[in-house]
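Residue numbering for the first sequence follows this note's numbering, beginning at 1 and increasing consecutively. The structure under discussion appears below in the form of structure tokens.
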Amino acid sequence: MQYNFNEIEAKWQKYWAENQTFKAENNSDKEKFYVLDMFPYPSGAGLHVGHPLGYIASDIYARYKRHKGFNVMHPQGYDSFGLPAEQYAIQTGQHPAITTAENITTYRRQLDQIGFSFDWSREVRTSDPKYYKWTQWIFIQIFNSWYNKDTDKAEDISSLVAVFEKEGNASINAVCDEDIAIFSSEEWKSFDSKKQQEILLQYRLTYLAETEVNWCPALGTVLANDEIVNGVSERGGHPVVRKKMTQWSMRISAYAQRLLDGLEKIDWPQPLKDSQTNWIGRSQGASATFKVNDHNAVIEVFTTRPDTIFGVSFMTLAPEHELVLQITTPEQKAEVEAYIEATAKRSERDRMADVKTISGAFTGAYAEHPFSKEPIPIWIGDYVLAGYGTGAVMSVPCGDQRDYDFAKHFNIPIPNIFEGVDISEEAFADKSKTVIANSDFLNGLPYKKAMKLAIYELEKLGQGEGKINYRLRDAVFSRQRYWGEPFPVYYVDGMPQMIAAEHLPIALPEVEKYLPTETGEPPLGNAEVWAWCTKENKVVHNSEINNATVWPLELNTMPGWAGSSQYFNRYMDPTNNNEIFSKEAMNYWQDVDLYIGGSEHATGHLLYSRFWQKFMFDRGFVPKDEFAKKLINQGMITGTSAFVYRVEFSIESAFNPEHDSDMNDDDIRLFSEFEKNLTSKIGSLFVPKSYVDKEYGDLEKILNNSLFNNQIAKEWSDYVLNKFEISEDQVYLKFQHLNPIHADVSLVSVTDQLDIEAFKNWREEYKNAVFILEDGNVYDSKSFPEDKWRGSFIVGREVEKMSKSKYNVVNPDEICAEYGADSLRLYEMFLGPLEQSKPWNTAGITGTHSFLKKLWRLYFDDNGAKFTDTEPTKDNLKTLHKTIKKVEEDIANFSFNTSVSTFMICVNELSTQKCTSKSVLEALAILVSPYAPHIAEELWSQLGNTASISTAPFPTFDASHLVESSKEYPISFNGKMRFKLELPLDMSKDQIEEVVMAHEKTQQQLQGRTPKKVIIVPGKIVNIVG
RNA sequence: GCUCGAGUGGUGGAAUUGGUAGACACGUUGGACUUAAAAUCCAAUGGACAUUAGUCCGUAUGGGUUCAAGUCCCAUCUCGAGUACCA
1 MQYNFNEIEA KWQKYWAENQ TFKAENNSDK EKFYVLDMFP YPSGAGLHVG HPLGYIASDI
61 YARYKRHKGF NVMHPQGYDS FGLPAEQYAI QTGQHPAITT AENITTYRRQ LDQIGFSFDW
121 SREVRTSDPK YYKWTQWIFI QIFNSWYNKD TDKAEDISSL VAVFEKEGNA SINAVCDEDI
181 AIFSSEEWKS FDSKKQQEIL LQYRLTYLAE TEVNWCPALG TVLANDEIVN GVSERGGHPV
241 VRKKMTQWSM RISAYAQRLL DGLEKIDWPQ PLKDSQTNWI GRSQGASATF KVNDHNAVIE
301 VFTTRPDTIF GVSFMTLAPE HELVLQITTP EQKAEVEAYI EATAKRSERD RMADVKTISG
361 AFTGAYAEHP FSKEPIPIWI GDYVLAGYGT GAVMSVPCGD QRDYDFAKHF NIPIPNIFEG
421 VDISEEAFAD KSKTVIANSD FLNGLPYKKA MKLAIYELEK LGQGEGKINY RLRDAVFSRQ
481 RYWGEPFPVY YVDGMPQMIA AEHLPIALPE VEKYLPTETG EPPLGNAEVW AWCTKENKVV
541 HNSEINNATV WPLELNTMPG WAGSSQYFNR YMDPTNNNEI FSKEAMNYWQ DVDLYIGGSE
601 HATGHLLYSR FWQKFMFDRG FVPKDEFAKK LINQGMITGT SAFVYRVEFS IESAFNPEHD
661 SDMNDDDIRL FSEFEKNLTS KIGSLFVPKS YVDKEYGDLE KILNNSLFNN QIAKEWSDYV
721 LNKFEISEDQ VYLKFQHLNP IHADVSLVSV TDQLDIEAFK NWREEYKNAV FILEDGNVYD
781 SKSFPEDKWR GSFIVGREVE KMSKSKYNVV NPDEICAEYG ADSLRLYEMF LGPLEQSKPW
841 NTAGITGTHS FLKKLWRLYF DDNGAKFTDT EPTKDNLKTL HKTIKKVEED IANFSFNTSV
901 STFMICVNEL STQKCTSKSV LEALAILVSP YAPHIAEELW SQLGNTASIS TAPFPTFDAS
961 HLVESSKEYP ISFNGKMRFK LELPLDMSKD QIEEVVMAHE KTQQQLQGRT PKKVIIVPGK
1021 IVNIVG
């Protein structure tokens, strides 16, 4: 009986689908286990072999947990809103919903063929109105909430209104906009509704604010930082300007500290936690205010080093700082304005990339030092960023390198306030070695004490306080796109109103064009039916807007992360139309036990999701304030690109017709045209990898020899030679350089041979290309009609990111067809540690494929089944239990690559032992089944079982089968292993020493010397020193 | 620059607390079977010398600790990832 993997895999995939084998129930006596993958964006290119890596790992874990008796939920869905479908719509007019649906069909087919144990009954799609209804619902909940710092959680906005009504806002301790005026309860009651709404908006967890965007006038659209290269748009190279727009923002900054604290209780990779920590960027220090001389203004700064306040010799404001124009003196005005203009021209990226150039301008104004009352010059400089802290710094050149460089550049004094430190070359920033000097009341104090005292004195003056600053900024939540969730928002007199939850979803309107409108409004501005009727509670035609009962709807849509920030909770109860999820479902599933996905989402999805989860927790919707207990980052599978080397050359001749002949002008012109024509007629000339290392001269010689053996070149050169009566050696190929060109990896054999015919047919421009083979001969299709690989042409290889543009994408469909899904699953795991990035090499898959064939032959030969009811031998049991132990340890450590090796060893051993014992083979099938589920199901059913193998309990490890009575000791001399000696394990140290010392090989090694020392570690090693 | 991670055969990688370096595969070479190929099986495969035995070198480099170091410590180099003037 043959291992017919195609048939077996199709059969079991059908069985699982029909029997809903992996459907998880929302209540069960079993313990729950929730295994989650990051759901994919269904791109038009489909899956490549790098994509399923994480899914295979999570699938192994999910299947293992089922064998261990857990009720496992392993859902999958699609993050189906996004830019590519929208851009395709702009180009072709095809509705993004259609593109998305087609792509999902491809994805589903590709996922199904790999044999995942997904519970497809729980599938979600973020672009499905039934799903985004709940994204809109969450937005409304966030809008109706404010953050109470006293209780340190989000509360319903009604609790805030209650306080306003009772006592005004003076005692409110909220995360809110800055500079909210204080009002009393009487004043609050006297405000009209619009004024009250304006005030509340300043407290809500999502609010409207003016934020800067990258606006590209030519494209009429907003661009992400990634879409801008060197200050112009990536598409088309149009100029980009900074523009203020009113947009929704989320007050994620309210959660900065809790997002930081929460990291301690979740089992996520340390590098990922580090990047979230850096992103949140907590720094402890003080805020201080400096009075500006001759102006009724103060500059507020944040500093982490209040202890160095006496070292301040100037202040620096960001060029965009609001005070700059106000305080600049008439004499400095021209210089300052020129500098501001120059800065505005540089994009934020440019400004940040260029660390070396020091630039700035003096405003002419002075501030007053809070303690010494000395005047301090105020400068502007673009190393200070408007978006961080207060956009102003107190510059302490002796203690900060950037301040130091700035001071040196502009000849500003650098007072030294550190005891025993030389600052003539660079600033001194080592807090732990700091002792303050020349600083009045701080003299002689170390960093910590000086910092405390400085803050205390600042507070006494009323010019500062201790402060914690976070880098994390509020998240902009509006996008000027079509293919995203519409907001459930309409505007009354410019004030945003939420549509009541019972009227959701507010579905995306149809538009004619997916581009922004001519007036620069978002694409939804093109919609004709996009107004809200408060009487009928439905979306109506824009013409009905009367600003009484019918109002305009919000034109922005939500960002990509909206739909992905709660999808893991929706999976618990995905078809519930009345609630985002039922209390029962949430109470049963609680949170994600294992989440697997890429680390590129560290500061995006994984931070926003934690934020929303904490919000949902505060408002009592979810029982856990962290959504995923454990997270694993799978590494990237890189591609192995193939290169052919194009010879850049020209045909030249040593023959100069003007001097060497009596040609007329016409012939001379004709001749030079022949030279050119010959070059282009030969067209592309390719050489294999081995030519890269050849000497310049050798290479040119080979090329010339080959070239004139080539038919095309010969015909042409003969023609030229005859026509002008010049000798052959006077026309030659001049070599310039080799240019590596990507060749599609599907045109290359596993032994790196190029299929030249296929390559020529791959692209029109290579149709007539000439190939010089390893042996220096020119490839001729007629000489190799039988064997396409015989013309030896070896390509170069290089590891790069797997991408379409590099022609190194390997499609899982072909792998599944040729080797089967089980081979693919095993191979992806076998490649290396899950979290590591590693190169794909299709050639290696024969290893796991032949392992599966060997496994199959343990159960079947040509005559059919081999298994019998015979008792297992001692060796059989030893092999089996060794394998159980190792595989369980490996799964616990997510070390799937080593468990594949373990299976190989196990099968090799059982084959050698000629094991036919059914009990052993049954256990083996279960062990393998999480990794290679199709073959395992087939073996299981052939062994006579009727239920799916996924219901079988995992074999239990029995240590008694591994008990050894003896050990082959390595005998080392001075740490070097010289020979091995089999000794009983119950031998005492003394007995071992006696036997080892008496051994003839020991004496031979010692050559009469007496050892200084004999180290014996029972069960491990013997080392003889001396 | 900073933070984190990593450097092991021709290649991917293994080596759980310091205890036989190179498991398991790929590739390569030789052999068996075959008209031939594929498939399968067997053998060899870190390097050098010696080809019986064996010796020396070897986990990026240089030092150190130890009976014993891929593993621990110090310094240096290289690569990768993240971050970006964070006051």
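Cβ atoms here follow ideal geometry from the backbone N, Cα and C, with glycine treated the same way.
Could you please give the first and the last residue of the uninterrupted beta strand (DSSP E) stretch that includes residue i?
| i | result |
| --- | --- |
| Ile376 | 375-380 |
| Pro984 | 976-984 |
| Trp532 | 531-533 |
| Lys244 | 241-250 |
| Leu317 | 314-317 |
Starting from residue i, follow the alpha helix (DSSP H) in both directions and report where the run begins and ends.
| i | result |
| --- | --- |
| Ser478 | Neither: Ser478 is in no alpha helix (DSSP H) and is coded neither H nor E. |
| Cys816 | 812-819 |
| Pro561 | Looking at the sequence itself, residue 561 is Trp, so the reference to Pro does not match. Looking at the DSSP string, the run of the alpha helix (DSSP H) that includes Trp561 is 560-564. |
| Ala769 | Per DSSP, Ala769 belongs to no alpha helix (DSSP H) and is neither H nor E. |
| Phe611 | 605-618 |
| Trp762 | 756-762 |
| Thr106 | 96-112 |
| Gln257 | 256-262 |
Pull up the distance between the alpha-carbon of residue i and that of residue j, whole angstroms please.
| i | j | result |
| --- | --- | --- |
| Lys133 | Ser565 | 14 Å |
| Ala743 | His737 | 18 Å |
| Ile1027 | Tyr388 | Lying before the first or after the last residue shown, residue 1027 is absent from the chain, which here runs from 1 to 1026. |
| Leu445 | Pro370 | 19 Å |
| Tyr490 | Glu198 | 15 Å |
| Glu938 | Thr21 | 15 Å |
| Ser283 | Glu300 | 17 Å |
| Gln270 | Gln257 | 18 Å |
| Ile468 | Tyr207 | 23 Å |
| Lys189 | Glu165 | 7 Å |
| Ser650 | Ile756 | 23 Å |
| Gly560 | Pro522 | 16 Å |
| Ser609 | Ile252 | 11 Å |
Give the secondary structure of residue i by DSSP, where H, G and I count as helix, E and B as strand, and everything else as coil.
| i | result |
| --- | --- |
| Cys1044 | It is not possible to answer for residue 1044, since the shown part of the chain is limited to 1 through 1026. |
| Gly697 | helix |
| Ala297 | coil |
| Thr1050 | No information on residue 1050 is available, as it lies outside the stretch 1 to 1026 that the chain covers here. |
| Gln87 | helix |
| Trp551 | strand |
| Arg125 | strand |
| Thr328 | coil |
| Tyr34 | strand |
| Thr21 | coil |
| Glu786 | At Glu786 the pLDDT is 48, less than 50, meaning the model places this residue with poor confidence; the figure from the coordinates comes in the next sentence. Coil, per DSSP. |
| Trp134 | helix |
Suppose the cutoff is 7 Å on Cβ atoms and the five residues either side in sequence are ignored; what does the same chain contact list for residue i look like?
| i | result |
| --- | --- |
| Gly975 | Asn1023 |
| Tyr3 | Leu852, Lys853, Trp856 |
| Lys967 | Leu983, Leu985, Gly1019 |
| Lys535 | Thr549 |
Apart from the five residues just before and just after residue i, which ones in its own chain have a Cβ nearer than 6 Å to its Cβ?
| i | result |
| --- | --- |
| Leu877 | His961 |
| Leu981 | Tyr969, Ile971 |
| Asn577 | none |
| Phe615 | Ala154 |
If I measure Cβ to Cβ from residue i and keep anything under 8 Å in the same chain, skipping five residues before and after, which residues do I get?
| i | result |
| --- | --- |
| Asn704 | Tyr732, Leu733 |
| Glu835 | Pro269, Ile632, Asn633, Gln634, Gly635, Phe894 |
Mind pulling the alpha helix (DSSP H) runs of 4 or more residues that sit fully within the segment 162-238? 185-190, 193-201
To test your reading of the DSSP string, which unbroken alpha helix (DSSP H) runs of 4 or more residues are found completely within the segment 434-521? 447-461
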